[in-house]
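With the numbering used here as the guide, the letters of the sequence shown map in order to residues 1 to 459. Yeah, the Cβ is synthetic: ideal placement off N, Cα and C, and Gly gets one too. So the structure is just underneath, and the comments pick up after that.
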Amino acid sequence: MIHILGGGLAGSEAAWQAASRGQRVVVHEMRPVRSTEVHRTDCLAELVCSNSFRSDKLDNAVGLLKEEMRRLGSLIMRVADEVRVPAGAALAVDRERFAEGVTREIVSHPGITVVREELTDVPDPAVAGGPVIIATGPLTSPSLSERIAALVGHSQLYFYDAVSPIVLADSIDRSRVFRASRWSRSLRGPAAPEPPAPACAVDEGEGDYLNCPFTAQEYETFYQALTTAERATVHDVEKEKFFEGCLPIEVMAHRGVDTLRFGPMKPVGLIEPRTGRQAYAIVQLRQDNMAADHFSLVGFQTQLKWGEQARVFRLIPGLEHAEFVRFGLVHRNTYINGPAVLAETWQVRSRPDLFFAGQISGVEGYVESAASGLLAGINAAAVADGRAPSAPPRTTAMGALAYYASHADARHYQPSNITFGIMAPLEQMDRRLRRDRKARNEAISARALADLGLWIGIE
Ligand SMILES: Cc1cc2nc3c(=O)[nH]c(=O)nc-3n(C[C@H](O)[C@H](O)[C@H](O)COP(=O)(O)OP(=O)(O)OC[C@H]3O[C@@H](n4cnc5c(N)ncnc54)[C@H](O)[C@@H]3O)c2cc1C
Numbered sequence: 001m002i003h004i005l006g007g008g009l010a011g012s013e014a015a016w017q018a019a020s021r022g023q024r025v026v027v028h029e030m031r032p033v034r035s036t037e038v039h040r041t042d043c044l045a046e047l048v049c050s051n052s053f054r055s056d057k058l059d060n061a062v063g064l065l066k067e068e069m070r071r072l073g074s075l076i077m078r079v080a081d082e083v084r085v086p087a088g089a090a091l092a093v094d095r096e097r098f099a100e101g102v103t104r105e106i107v108s109h110p111g112i113t114v115v116r117e118e119l120t121d122v123p124d125p126a127v128a129g130g131p132v133i134i135a136t137g138p139l140t141s142p143s144l145s146e147r148i149a150a151l152v153g154h155s156q157l158y159f160y161d162a163v164s165p166i167v168l169a170d171s172i173d174r175s176r177v178f179r180a181s182r183w184s185r186s187l188r189g190p191a192a193p194e195p196p197a198p199a200c201a202v203d204e205g206e207g208d209y210l211n212c213p214f215t216a217q218e219y220e221t222f223y224q225a226l227t228t229a230e231r232a233t234v235h236d237v238e239k240e241k242f243f244e245g246c247l248p249i250e251v252m253a254h255r256g257v258d259t260l261r262f263g264p265m266k267p268v269g270l271i272e273p274r275t276g277r278q279a280y281a282i283v284q285l286r287q288d289n290m291a292a293d294h295f296s297l298v299g300f301q302t303q304l305k306w307g308e309q310a311r312v313f314r315l316i317p318g319l320e321h322a323e324f325v326r327f328g329l330v331h332r333n334t335y336i337n338g339p340a341v342l343a344e345t346w347q348v349r350s351r352p353d354l355f356f357a358g359q360i361s362g363v364e365g366y367v368e369s370a371a372s373g374l375l376a377g378i379n380a381a382a383v384a385d386g387r388a389p390s391a392p393p394r395t396t397a398m399g400a401l402a403y404y405a406s407h408a409d410a411r412h413y414q415p416s417n418i419t420f421g422i423m424a425p426l427e428q429m430d431r432r433l434r435r436d437r438k439a440r441n442e443a444i445s446a447r448a449l450a451d452l453g454l455w456i457g458i459e
């Protein structure tokens, strides 16, 4: 018997996969007995916001992830394909028909029982009679969150997502930025350490950063644009409930003209080689993926509208032509520090019969949540059968996502969408592939699907 907490995208997919492998599954879903701030119906797999599953093409990493899921018999993908609506290269769905379709399939499956109740504790797998999958999502109810925190360690469960924008390395003007770490040894000896920075504006002087230096005039122009830019609408429940260490950059800016220069834009400890002096203010860019083609703006979590982010952040010296891979955001999001807790099979390292899946496991997005549920369901079935769980290779999108959530840097962990940047790079590239990103991405996808086929063969 497998117990699944939460019947969202991850929980529904996990239930389907486990039941398809002959397991008896109980899904505990609290709606409609108790709802969340954003869910509106009692359907399983309700889409809480956009109706888009993003790109459906193989030159895009999320397009690849969806194709891999189809090949693994995904319920979420099958129903999404059945109820798709016109959306160009993206897969968008009729949201009502989608959630109703998933609900119908789950409740009519003979191996699955859906119990409508809020669980306020995590069942002990030894007592419950089999593996347990926690898939209660970003809006996990407070009493259960408390129990999960006790289980994984209070410092390993987060309640807010504060994401800084990420730009493509190729689009940074290298003639305007300089590479340095704060208080590098050549500038200042180890005897004078920098006081610790706030949680979200981290530069402990550990690694190399790209630094964008501002003159006083440039700072003034940037500050004006930032404090007058339009913010995205936020859900009522989220209004102004931010951690002090993770304030949106525009909220910090409103506290005073120099607040940023003493916070995430502080220039101290960074000498600009071109002038030999400290700049008036600095924005730091931190390498964000192993391939070094993505850089994030350190401490720039924000609620500005996406168009406004592009306009305002392109005023940062060196980012005039920046291409944004992902925009910043701040929203309520309950998730564990995956790399500190999980194995790449989505099992808790210290409790192999306990799994996390979905947004709470430290992934970001509808498709990624369902994908982690898919693998957790397969592996929970394996554990219930006494077989060894496994994960697809890192050359696949499924495997790369699982590897990222279990092996990224636990000190700075942030949930991620699937991107080609977190997948294993191609072993060999000719000149055409080096130059042509679309062709390169298609080659990565072709390799992924071939490798997934081999894994399915041995799974
Ligand atoms: C406001 C908001 C907007 C988002 N918008 C998007 C978007 O547009 N596109 C995108 O790709 N991603 C979006 N996400 C991120 C994420 O992809 C979705 O939240 C997605 O639904 C996550 O899937 P899940 O299965 O992990 O969680 P959910 O789909 O939320 O499912 C979790 C389920 O667990 C249930 N539950 C919670 N606590 C308990 C309990 N104690 N006992 C029993 N059941 C419980 C809930 O009722 C829910 O049905 C958004 C997230 C939020 C918070």
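Asked                                                                                                              : Found
heavy atom of ligand 1 below 7 Å from Arg84 C-beta                                                                 : no
Own chain partners of Ile378 with C-beta closer than 6 Å, once the 5 adjacent residues on each side are dropped    : Gln17
Cβ-Cβ separation, Leu329 to Gln303 (assumed contact under 8 Å), whole Å                                            : 7 Å
Ala448 beta carbon less than 8 Å from that of Leu91                                                                : no
Through-space distance from Glu427 to Glu118, alpha-carbon basis                                                   : 48 Å
Extent of the continuous beta strand (DSSP E) to which Phe313 belongs                                              : Looking at the DSSP string, Phe313 is not in any beta strand (DSSP E); the run it does join, the alpha helix (DSSP H), is Trp306 to Phe313.
Exposure of Thr120, with buried meaning 16 or more beta-carbon neighbours within 10 Å                              : exposed
N- and C-terminal bounds of the alpha helix (DSSP H) containing Asp56                                              : That residue, Asp56, is in no alpha helix (DSSP H); it is neither H nor E in DSSP.
Inside the stretch 279 to 361 only - alpha helix (DSSP H) runs reaching at least 4 residues                        : 306 to 313 and 338 to 341
Spatially closest choice to Thr227 from Arg147, Ile249 and Leu433, by CA coordinates                               : Ile249
Pro32 versus Glu100: straight-line alpha-carbon distance, rounded                                                  : 15 Å
For Ala443, the nearest candidate out of Gln359, Asp59, Arg21 and Gly8 (CA to CA)                                  : Asp59
Euclidean distance between Cα positions of Lys438 and Pro425                                                       : 14 Å
Range covered by the beta strand (DSSP E) that runs through His3                                                   : Ile2 to Leu5
According to DSSP, residues forming a beta bridge with Cys43                                                       : Paired residue(s): none; Cys43 is not in a bridge.
Candidates Ala279, Ala232, Ala229 and Phe159: closest to Phe214 by CA position                                     : Ala279
Val257 burial status per 10 Å Cβ neighbour count (16 or more: buried)                                              : exposed
Per-residue DSSP class, three states only, for Tyr413                                                              : coil
Selected residue, minimal CA-CA separation from Asn441, among Ser406, Lys57 and Phe355                             : Lys57
Val48 CB to nearest heavy atom of ligand 1 below 7 Å                                                               : yes
Segment contact, 8 Å Cβ cut-off, at least three pairs: the stretch 99 to 113 with the stretch 7 to 24              : yes
heavy atom of ligand 1 below 7 Å from Tyr160 C-beta                                                                : no
Leu119: CB within 7 Å of a non-hydrogen atom of ligand 1                                                           : yes
Nonlocal neighbours in the same chain, by C-beta distance under 8 Å from Asp42, ignoring five residues either side : Arg31, Pro32 and Arg116
Ser108 at chain D interface by Cβ criterion, 8 Å                                                                   : Of the protein chains in the structure, only one exists, and it is not chain D.
Neighbourhood of Glu323 by C-beta, 6 Å cutoff - its chain only, sequence neighbours within 5 removed               : Leu168 and Ser171
Touch test, the stretch 306 to 320 against the stretch 258 to 269, Cβ-Cβ under 8 Å, three pairs minimum            : no
Sequence-distant residues of its chain with Cβ nearer than 7 Å to Asp462 (five each side left out)                 : With the chain running from 1 to 459 in the structure shown, residue 462 is simply not present.
Secondary structure, beta strand (DSSP E): runs of 3+ residues fully inside the stretch 100 to 154                 : 112 to 116 and 132 to 134
Nearest-angstrom Cβ-Cβ length linking Ala80 and Ser55, presumed shorter than 8 Å                                   : Not confirmed; about 13 Å, so no contact.
Where His28 falls: helix, strand or coil (DSSP)                                                                    : strand
Collapsed DSSP secondary structure at Ile172 in the structure displayed                                            : coil
Assigned secondary structure, Ile76 (DSSP; H/G/I helix, E/B strand, else coil)                                     : helix
DSSP state of Arg277 mapped onto helix, strand, coil                                                               : strand
Boundaries (first-last residue) of the alpha helix (DSSP H) holding Arg435                                         : Arg431 to Arg435
Nearest-angstrom Cα separation, counted from Glu13 out to Ala450                                                   : 23 Å
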